[in-house]
Amino acid sequence: MSSSGCNYFYRIHRKHPKRMGFLYILCILLLSLTITVLSVKVNGKNDNRRHIVIIIADDLGWNDVSSHGTDQVMTPNIDSLGYAGVTLGRYYSHCICTPSRSALLTGKYAYTTGMQGYPLTNGEDRGLPTTEKILPQYLKELGYATHLVGKWHVGGSREKYLPTKRGFDTYFGHRGGFVDYYEYTSEENWSIGKVSGMDLYRNETAAWDEEGYITDLYTEEAISIINSHDASKPLFLMMAHLAPHSGNDGAILQAPPEVVRSMRHVESPERRIFAAMVKKLDDSVGDVVEALSEKGILNKTIILFISDNGGMTSGDSVNYANNYPLRGLKMTPFEGGIRVVGAIWASDEITSHQYDGYVHVSDWLPTLLKAIGEEPPNNIDGHDLWANIIMNQTSSRAEIVEIDDMAGYQSYIHGDFKLITGHVDQKYSNHQGKDLLGIIGKPPSYTDAIVNSKVYSVFKKAGRTIHFEDMVIRNRFKDLCPKHDDEDDELCHPGNGTVCLFNIKNDPCERKNIAEANPYIVKTMIERLSIEKKRVIPRANSIVREPRANPAFFNYTWHSFVDQVSS
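With the UniProt record's numbering, the residue at position 388 of the sequence shown is 388, and numbering never jumps.
As structure tokens, then:
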């Protein structure tokens with residue numbers, strides 16, 4: 001209906017008001033509706049679109065959530081999210097922080113954007129290429145309010161790399177890999193000695209006035225965003241926790257003393273503090289779900305919980321996380337480094353189940369776009385798995401690739417088989433963490449933990465009661481590797497012409513190398529890897545920390561040093 005058509009009715013209405021008044025009013029209403037529809041189409045906005053909340057844990061191990069079988073660390077809120085929605089049994093990520101976050105944001109394997117290898121340091125002039133369109137930019141174009149709380153870690157040396165320049169309306173968090181949980185400083189070892197700077201920012205300004213435990217700060221910020229959000233507009237909130245990543249060398253594990261004391265059933269002193277850090281993370285999940293419920297938008301929200309990679313039981317950036325019985329740690333392509341915790345919930349559309357199809361971190365961009373009714377881009381590595389996951393169908397993802405030209409290894413998963421070639425650091429490539437699982441006395445009641453959790457309570461009030469038979473998932477994970485034999489001296493380690501092939505369906509703990517018995521499979525997988533290696537954007541083989549990045553030049557903050565020095 002055009003405005004000229006309404007004018008016609010208006011002219012007649014002036015002559016015959018009783019007969020034509022109704023038609024004139026109806027015409028105006030139809031015109032108004034047409035303008036609204038066109039506006040939505042042109043601006044790419046849809047007020048009925050789902051809200052999206054992604055919660056990311058940092059260096060959380062496979063065996064650090066109670067839904068995977070541990071009686072030591074209780075994570076009832078995270079578990080309940082999976083029980084009410086979908087627990088991801090074969091969720092894979094890159095094995096290091098920066099690569100996994102790059103893949104999440106771009107929908108591409110990190111090695112195709114040059115973001116593979118050792119994670120970004122604060123002194124490097126490197127970042128996720130600005131030629132890459134990333135998830136918040138897609139969503140912002142679709143009318144979403146976009147917010148990042150927590151860790152960024154894909155570039156801060158130049159202002160163009162910062163979150164608020166890459167599609168986020170607001171940002172509150174740390175730009176680098178880690179900070180102190182109370183002082184928000186990050187320390188690096190340079191050739192001149194240790195250098196340190198504050199790395200907590202609100203948008204592009206150092207947040208000097210903040211105080212408190214950082215997990216709590218991030219939770220409070222997320223809740224504030226939810227509470228103040230205009231519910232008629234779709235919300236995208238990415239909450240990337242520091243927890244349970246380690247802090248600086250002088251205080252690698254930190255948690256409020258009263259929470260640590262509540263973990264006295266944990267035998268290992270270090271693991272006890274780690275468990276308290278995980279409890280604070282789990283509490284945060286409960287608080288965010290509760291805030292969404294109280295805001296009245298929970299039933300229109302997709303909630304995704306994931307870890308960025310496996311845990312670091314020992315060595316560099318140790319946090320006493322536990323991937324056991326999986327083999328390997330963060331920074332390796334073994335299952336303990338790349339097979340990680342994942343759960344997704346989306347109101348009534350998802351019937352609770354465990355999804356055992358392959359899912360990769362690069363799949364979230366196309367999957368979430370599809371979930372809100374948008375067609376994903378076709379120039380990415382990620383697969384749209386929305387229908388696969390919610391309907392428990394076979395995954396359309398058949399393979400998973402990990403290439404690190406800096407460390408010099410490659411891994412390729414296809415079907416039931418996994419091939420690892422090149423060089424992998426052996427000190428991170430065995431089965432670790434069994435010695436950290438000791439419990440003093442009787443462990444906490446898992447049932448009580450679930451029933452008393454906020455997520456359980458919120459879902460119960462919403463009519464989404466979690467049935468305890470769904471917890472059979474926990475028993476499946478407990479029996480993941482029936483033989484927990486820790487004689488690691490005969491394990492296959494790739495390198496010097498040796499390749500390792502595993503059947504990760506029958507041998508998920510990667511104990512038996514079957515390469516010699518399956519030469520054709522090895523040949524086929526190596527040929528596929530050789531094709532994929534041609535797509536690699538080379539990563540510098542050394543970490544260059546630039547003297548001009550020294551926080552002493554910027555009031556002892558880690559700053560966008562390139563722009564400041566050159567201006």
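Note that the Cβ used here is the ideal one computed from N, Cα and C, for glycine as well.
Can you give me the start and stop residues for the alpha helix (DSSP H) that residue 84 sits inside?
Taking the sequence shown and counting its residues from 1, one reaches residue 84 at position 84. Segment 76-84, the alpha helix (DSSP H) holding residue 84.
Same chain only: Cβ atoms within 7 Å of residue 333, ignoring 5 sequence neighbours per side
For the purposes of this step, residue 333 is taken as residue 333 along the sequence shown, with counting starting at 1. Sequence-distant Cβ neighbours of residue 333 in its own chain, meaning closer than 7 Å and more than five residues away, are 95, 402, 409, 411, 420 and 424.
Does DSSP put residue 151 in a helix, in a strand, or in coil?
Locating residue 151 in the sequence shown gives position 151, counting from the first residue. Coil.
Here's the rule I'm using: 16 or more other beta-carbon atoms within 10 Å means buried, otherwise exposed. How should residue 442 be labelled?
In the sequence shown, residue 442 corresponds to position 442, counting from 1. Residue 442 is exposed by the Cβ-count criterion.
Assuming residue 72 and residue 275 form a contact by the criterion Cβ under 8 Å, report the distance between their Cβ atoms to the nearest whole angstrom.
For this step, residue 72 is matched to residue 72 along the sequence shown. For this step, residue 275 is matched to residue 275 along the sequence shown. So it is a contact: roughly 7 Å between Cβ atoms.
For residue 79 and residue 522, the rounded distance between their alpha carbons
In the sequence shown, counting from the first residue as 1, residue 522 sits at position 522. In the sequence shown, counting from the first residue as 1, residue 79 sits at position 79. If I take the Cα positions, the gap works out to 38 Å.
Collapsed DSSP secondary structure at residue 511 in the structure displayed
Walking along the sequence shown from the start, residue 511 turns up at place 511. Reduced to three states, the DSSP call for residue 511 is coil.
For a test of the three-state rule: what should DSSP assign to residue 446, helix, strand or coil?
The count along the sequence shown starts at 1 and reaches residue 446 at position 446. Correct three-state label for residue 446: helix.
Measuring alpha carbon to alpha carbon, tell me which of 51, 217 and 501 ends up nearest residue 526.
Counting from 1 along the sequence shown, the entry for residue 526 is found at position 526. Selected option, being the one with the closest Cα: 501.
Three-state secondary structure (DSSP) at residue 525?
Position 525 of the sequence shown holds residue 525. If DSSP states are grouped into helix, strand and coil, residue 525 belongs with the helices.
Taking 6 Å as the limit between beta carbons, can you name the residues of its chain near residue 553, skipping five residues before and five after?
By 1-based counting over the sequence shown, the position of residue 553 is 553. Closer than 6 Å at Cβ, skipping near neighbours: no residue.
Using alpha carbons as the reference points, say which of 120, 70, 76 and 49 lies closest to residue 343.
Taking the first residue of the sequence shown as 1, we reach residue 343 at position 343. It is 76.
The alpha helix (DSSP H) with residue 260 in it runs from where to where?
Position 260 of the sequence shown, counted from the start, is the residue given in the question as residue 260. Element bounds for residue 260: 257-261.
To which residues does DSSP link residue 403 through a beta bridge?
On the sequence shown, position 403 is the one that residue 403 refers to. 410, per the DSSP bridge assignment.
Straight-line Cα distance separating residue 380 from residue 5
By one-based count along the sequence shown, residue 5 stands at place 5. By one-based count along the sequence shown, residue 380 stands at place 380. Here residue 5 scores only 48 on pLDDT, less than 50, and its place in the model should not be relied on; the value that follows carries that caveat. C-alpha separation (whole angstroms): 47 Å.
Taking residue 111 as the reference, give the member of 104, 447, 51 and 99 with the closest Cα.
If you number the sequence shown from 1, residue 111 lands on position 111. Answer by Cα proximity: 99.
Name the one or two DSSP bridge partners that residue 455 has.
Here residue 455 corresponds to residue number 455 of the sequence shown, with the count starting at 1. None, per the DSSP bridge assignment.
Round the Cβ separation of residue 245 and residue 178 to the nearest angstrom and send it over; I've been treating them as touching at under 8 Å.
As a working mapping, residue 245 is identified with position 245 in the sequence shown. As a working mapping, residue 178 is identified with position 178 in the sequence shown. With a Cβ gap of about 5 Å, residue 245 and residue 178 count as contacting.
Whole-number beta carbon distance between residue 288 and residue 239, since they are thought to touch under 8 Å:
One-based indexing of the sequence shown puts residue 239 at position 239. One-based indexing of the sequence shown puts residue 288 at position 288. Right, their Cβ atoms sit about 7 Å apart.
Could you tell me which of 145, 383, 345 and 318 sits nearest to residue 230, measuring between CA atoms?
Position 230 of the sequence shown holds residue 230. Looking at the Cα atoms, 145 is the closest of the given residues.
With a threshold of 16 other CB atoms inside 10 Å of the CB of residue 261, please say whether the residue is buried or exposed.
As a position in the sequence shown, residue 261 is number 261, starting the count at 1. By the 10 Å Cβ count, residue 261 comes out exposed.
Is there at least one Cβ from chain B nearer than 7 Å to residue 481's Cβ?
Reference to chain B is not applicable here, since this structure consists of a single protein chain.
Which same chain residues, not among the five before or five after residue 32, have their C-beta less than 7 Å away from its C-beta?
Sequence index remark: in the sequence shown, residue 32 carries index 32 (1-based). Unreliable positioning characterises residue 32 in this predicted model, as indicated by a pLDDT of 48, which lies under 50. A coordinate reading is not provided.
Taking only the alpha-carbon atoms, compute the straight-line gap between residue 505 and residue 210 and give it to the nearest angstrom.
Here the question's residue 505 lines up with position 505 in the sequence shown. Here the question's residue 210 lines up with position 210 in the sequence shown. Those two C-alpha atoms are separated by around 48 Å.
Please classify residue 193 as buried or exposed, where buried requires at least 16 other C-beta atoms within 10 Å of its C-beta.
For this step, residue 193 is matched to residue 193 along the sequence shown. Exposed is the call here.
Can you tell me which of 233, 232, 172 and 225 puts its alpha carbon nearest to the alpha carbon of residue 207?
What you label residue 207 is simply residue 207 of the sequence shown in a count that begins at 1. The shortest C-alpha separation from residue 207 is found at 172.
For residue 61 and residue 311, the rounded distance between their alpha carbons:
In the sequence shown, residue 311 corresponds to position 311, counting from 1. In the sequence shown, residue 61 corresponds to position 61, counting from 1. Whole-angstrom Cα-Cα distance: 4 Å.
State buried or exposed for residue 558, treating a residue as buried only when at least 16 other CB atoms are found within 10 Å of its CB.
Position 558 of the sequence shown, counted from the first residue, corresponds to residue 558. Residue 558 comes out buried.
Could you pull the DSSP bridge partners for residue 360 from this structure?
Start at 1 with the first residue of the sequence shown, and residue 360 comes out as number 360. By DSSP's assignment, residue 360 forms a beta bridge with 92.
The stretch 384-398 in contact with the stretch 466-482 per 3-pair CB rule at 8 Å:
Counting C-beta pairs with one atom in each stretch, the stretch 384-398 and the stretch 466-482 have fewer than three that are closer than 8 Å, which means they do not touch.
Environment of residue 330 [buried if 16+ CB atoms lie within 10 Å]:
To locate residue 330, count along the sequence shown from 1; it is residue 330. Residue 330 is buried by the Cβ-count criterion.
C-alpha gap between residue 556 and residue 87, whole angstroms
One-based indexing of the sequence shown puts residue 556 at position 556. One-based indexing of the sequence shown puts residue 87 at position 87. Between residue 556 and residue 87, the C-alpha separation is close to 43 Å.
Residue 544, buried or exposed, once every other Cβ within 10 Å from all chains shown has been counted against 16
For the purposes of this step, residue 544 is taken as residue 544 along the sequence shown, with counting starting at 1. In the assembly as shown, residue 544 is an exposed residue. Its beta-carbon has fewer than 16 other beta-carbons within 10 Å.
Which of the three DSSP states is assigned to residue 157 in this structure?
Residue mapping note: residue 157 aligns to position 157 of the sequence shown, counting from 1. The answer is coil: DSSP assigns residue 157 none of H, G, I, E or B.
Please tell me whether residue 306 and residue 92 are closer than 7 Å, where the distance is taken between their beta carbons.
Here residue 306 is taken as the residue at index 306 of the sequence shown, counted from 1. Here residue 92 is taken as the residue at index 92 of the sequence shown, counted from 1. No; because the gap between Cβ atoms is not below 7 Å, this pair is not in contact.
If you measure between the beta carbons of residue 58 and residue 321, is that distance less than 7 Å?
What you label residue 58 is simply residue 58 of the sequence shown in a count that begins at 1. What you label residue 321 is simply residue 321 of the sequence shown in a count that begins at 1. No. Outside cutoff.
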